[in-house]
């Protein structure tokens, strides 16, 4: 394995980086010979327009009009089927847009209602701005024909950070010629540097729902990589100043838990946001509460690795893209405020109660971008010590036992734009410091370099970590190099990586821990068709292969997969995937064990989601080549939209899995010998996810979420591994019953009213009920969906009602 030694991989990767940078500098990104499209804003000398969606203000009679939109979908490059005009004006406070979306069939305009930032199948207009004019970052401001607002930040690639929220205004009106929109975007929402005369990047997009059509003022084709770098120019803005701005959003909350815990003012806290300079802002939160956030879904996890959950808490969601790395979760914000459990309770003690989450005392986040195109972010958070209420053995009194120490979390991030394109080089560091307990640190250099007009990409990470007790720290390193061809009908990519024994970022990141390290390499090839052919509008196919060894040279994973995706001309889409895992050695547990090869096949089919009723079907089946182990899963989905303001989603899911060798435990006998114990497990999971969204106005909405969940497991024929790296077993007498029956119910109901921009009232009812049976009969292990789902509503659990109000002050 000398050729795969991690040092040689690092040297090889660094040589590639140097060669690519030299080559790129020699062939540098050339400016287009054609002048980009330009639009001109005019200054408002008197009264600004009233933001009501009606373009009858004097300024709209003076401002020049811009049009000439082209289709991106469905017929790329052809003129838009409906005309769109826009105009731009500005004053000392804000920039204004007036837009007319002409429509030959105004009665067919889709104007669905939803809460702010929701994704709607509806007619929409979107303004994309690059105020820095760095061709890499910016903002988008969208409004649907119904008046629902949507916004986000842009960073290099199209999409950016959808969690960014600004305080701005937009109104719409539908009329006999189509529909119109007016925007007012204050300068304090944007970041730009002081100049006498400005040139900003701009693009305007229009979606026509019934035609599945997307029109752009500056066409960016589906084949082109990047987004902001292709924008046109916004000219004519002079003598304005980026303002310093202070925003304060205190909150007051009352809550009731069950019937005996009620507090009229149970929590007070808030957020402060201050624009330090034109490119730098700080956000601080004190005693944050996220009671309105939807609960995590229930699941059955029998693997060696923890489950990953998405971040939903607003403070951590906003601006998360600044701290993100392309290939690894070096910062996982769910570690902050996690369920406490750093320290175990004393042996023999009975746990009476413990907190569901660690209290976040305060957090602060500093983000910005300099004139030299350096993006930076710093986040620091402090969490409180947490105690479990326990009753020690042979004692009658209850005591508090420390289970989570006072902890400080720190993240620092820098990204430097390079190579005159959508390229960057970055640094990130994290630190976790616990009171009277071990600390953890991580540092990394990562990069994403695009060249040859974004056709090729070189990305990678070099990282080190230190964790554990100060006297015996655990050190490790990670190196990852990847090269991709991204554009054209044929794409491909190759990657190589190594993760040493001891590399662990899980104190503030998320990664599977490989005790013996891992060296991996992979290759994939991709075929892409964006133009219609036969019954298809477009399609995509991919073949991927990989192999992994541990640091002892043992192959621990080896596989290949193929999948194909296509969209039909009726806007149905499907995917078919086939996976094969070759025989390898499983090193996830305490002992190395042979893993037989396996096959799996899966597909999904979705109907046109613009319709009043749409469906989705996703079956999957896999079988391992031991002749016994298999799994099968079926997921269904249905979306119902009876009116323009109501949406209901239903999603039942069923899975059955039989494992011939399910890991149980390592048991040491009286002679000090270890027995690696497995069992045959037949398990079933069933859940039913339901969502209801109702919008009464663009600012008043109601959301309902519910998920009953059932998991049943029947263990038989316990056995122990005869020899490491084999798949040979002999019977083992395990007296403990390992069967399980678990069920849960999680639900949220949220009434949300944004009574003025930035200020919101939440009324929330949340339930979390769970039950687990210890002594099981054969009847308990039989699936009875109706009875078992009904029982979840009567189980013990948390029943929370709260009222929360945020009030926004802008200075």
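In this note's numbering, the protein residues as written are 27 to 837. Cβ coordinates follow ideal geometry from the N, Cα and C atoms, glycine included. In this text, all values refer to a predicted model and were calculated from it rather than measured experimentally.
Leaving out five residues on either side along the sequence, give the residues of the same chain with a beta carbon under 7 Å from the beta carbon of residue i.
i, result
"residue 542", "527, 576, 577, 578, 613"
"residue 795", "770, 771, 818, 821, 822, 823"
"residue 538", "331"
"residue 307", "299, 300, 301, 393, 394"
Assuming residue i and residue j make a contact with CB atoms under 8 Å, what is their CB distance in whole Å?
i, j, result
"residue 161", "residue 254", "6 Å"
"residue 118", "residue 266", "6 Å"
"residue 344", "residue 66", "Rounded, the Cβ-Cβ distance is 33 Å, inconsistent with contact."
"residue 874", "residue 547", "Nothing in the structure corresponds to residue 874, since the chain is present only between 27 and 837."
Roughly how many angstroms lie between the CA atoms of residue i and residue j, to the nearest whole one?
i, j, result
"residue 388", "residue 378", "28 Å"
"residue 696", "residue 411", "39 Å"
"residue 48", "residue 750", "Since pLDDT at residue 48 reaches only 43, below the 50 mark, its modelled position is unreliable, and the value read off the structure follows with that caveat. Their backbone Cα atoms lie some 49 Å apart in a straight line."
"residue 51", "residue 475", "The predicted position of residue 51 is uncertain, since its pLDDT is 43 and thus under 50; no value can be drawn from it."
"residue 460", "residue 430", "9 Å"
"residue 668", "residue 638", "6 Å"
"residue 390", "residue 98", "41 Å"
"residue 516", "residue 589", "15 Å"
"residue 486", "residue 456", "18 Å"
"residue 671", "residue 342", "29 Å"
"residue 525", "residue 334", "20 Å"
"residue 215", "residue 392", "16 Å"
"residue 628", "residue 93", "45 Å"
"residue 368", "residue 545", "31 Å"
"residue 383", "residue 233", "42 Å"
"residue 380", "residue 336", "23 Å"
"residue 532", "residue 351", "15 Å"
"residue 466", "residue 401", "25 Å"
"residue 838", "residue 635", "Nothing can be reported for residue 838, as the shown portion of the chain is limited to 27 through 837."
"residue 673", "residue 793", "22 Å"
Tell me which residues share the same chain as residue i and place their Cβ nearer than 6 Å to its Cβ, disregarding the 5 neighbours each side in the sequence.
i, result
"residue 124", "81, 86, 113, 208"
"residue 146", "138, 140, 170"
"residue 665", "640, 675"
"residue 809", "710"
"residue 489", "470, 504"
"residue 815", "734"
"residue 404", "392, 438"
"residue 519", "510, 550"
"residue 491", "468, 502, 529, 530, 531"
"residue 483", "476, 510, 512"
"residue 193", "783, 784"
Do residue i and residue j have their CB atoms nearer than 8 Å?
i, j, result
"residue 102", "residue 236", "no"
"residue 211", "residue 120", "yes"
"residue 132", "residue 204", "yes"
"residue 858", "residue 268", "Residue 858 lies beyond the range of the chain shown here (27 to 837); nothing can be said about it."
"residue 414", "residue 427", "yes"
"residue 681", "residue 659", "yes"
"residue 648", "residue 656", "yes"
"residue 780", "residue 142", "yes"
"residue 136", "residue 149", "yes"
"residue 778", "residue 788", "yes"
"residue 802", "residue 758", "no"
"residue 115", "residue 70", "yes"
"residue 608", "residue 630", "no"
"residue 632", "residue 598", "yes"
"residue 4", "residue 610", "The structure shown does not extend to residue 4, since the chain is modelled only from 27 to 837, so the question has no answer here."
"residue 715", "residue 616", "no"
"residue 572", "residue 560", "no"
"residue 684", "residue 713", "no"
"residue 195", "residue 835", "no"
With a threshold of 8 Å on Cβ separation, who are the neighbours of residue i within its own chain once the five nearest residues in sequence on each side are excluded?
i, result
"residue 462", "431"
"residue 294", "276, 277, 278, 279, 313"
"residue 424", "378, 415, 416, 417"
"residue 833", "275, 276, 277, 785"
"residue 499", "492, 493"
Determine, using beta carbons only, whether residue i comes closer than 8 Å to chain C.
i, result
"residue 350", "Of the chains in the structure shown, none is chain C; there is only one protein chain."
Taking contact to mean 3 or more Cβ pairs, one atom from each stretch, closer than 8 Å, check whether the stretch 694 to 703 and the stretch 724 to 735 are in contact. no
The stretch 770 to 790 / the stretch 741 to 757 touching (three or more Cβ pairs under 8 Å): no
Is there contact between the stretch 432 to 445 and the stretch 349 to 369, where contact requires at least three CB pairs shorter than 8 Å? yes
Given 8 Å as the limit, is there contact between the stretch 293 to 306 and the stretch 319 to 334, that is, 3 or more CB pairs closer than that? no
So, do the stretch 465 to 483 and the stretch 443 to 452 have three or more beta carbon pairs nearer to each other than 8 Å? yes
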